[in-house]
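For reference, the structure is listed below as structure tokens.
Numbering (the UniProt record's numbering), first residue to last: 1 to 105.
See the structure below:
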């Protein structure tokens, strides 16, 4: 599953980034599909929309997704402490982003 949507960082119309998430079925994980999906989605969003930033979050315990994002040229920006309530507990989330000028050719 792939989902993306605009987010605003401030009142100006130009302060738009895109946030996205990708979820792979367990049997398709570890095969490179996630990395390829990230790269294709980044290319699509920058080619289609006049944005300078794409961002995403992942659970701090999801090391595989963090490696995938880093292989896709995303930069780890920081930790959002207790940002998601799931399975009866608060979980920390890691914020990643990529800027237009960081996109590989």
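Beta carbons are placed, not taken as given, at the ideal position from N, Cα and C, and that holds for glycine.
Keep in mind the model is a prediction, meaning the values are calculated, not measured.
Buried or exposed for residue i, please, with buried defined as at least 16 other CB atoms from any protein chain shown within 10 angstroms of its CB.
i	result
residue 112	Outside the modelled stretch of the chain, which goes from 1 to 105, sits residue 112, for which no answer is possible.
residue 48	exposed
residue 69	buried
residue 65	buried
Taking residue i and residue j to be in contact with their CB atoms under 8 angstroms, please state how far apart those CB atoms are, rounded to whole angstroms.
i	j	result
residue 24	residue 33	6 angstroms
residue 59	residue 80	10 angstroms between Cβ atoms; not a contact.
residue 7	residue 19	5 angstroms
Worksheet item: If you scan the UniProt domain "N-acetyltransferase" (1 to 101) from start to end, which runs of the beta strand (DSSP E) of 3 or more residues do you find wholly inside it?
Response: Scanning the UniProt domain "N-acetyltransferase" (1 to 101) from its first residue to its last, the whole beta strand (DSSP E) runs of 3-plus residues come out as 2 to 8, 16 to 22, 53 to 59, 75 to 86 and 89 to 99.
Fill in: the stretch 25 to 44 in contact with the stretch 69 to 77 per 3-pair CB rule at 8 angstroms
With contact defined as three or more Cβ pairs closer than 8 angstroms, the stretch 25 to 44 and the stretch 69 to 77 are in contact.
Worksheet item: Is there contact between the stretch 53 to 66 and the stretch 88 to 103, where contact requires at least three CB pairs shorter than 8 angstroms?
Response: Yes, the stretch 53 to 66 is in contact with the stretch 88 to 103.
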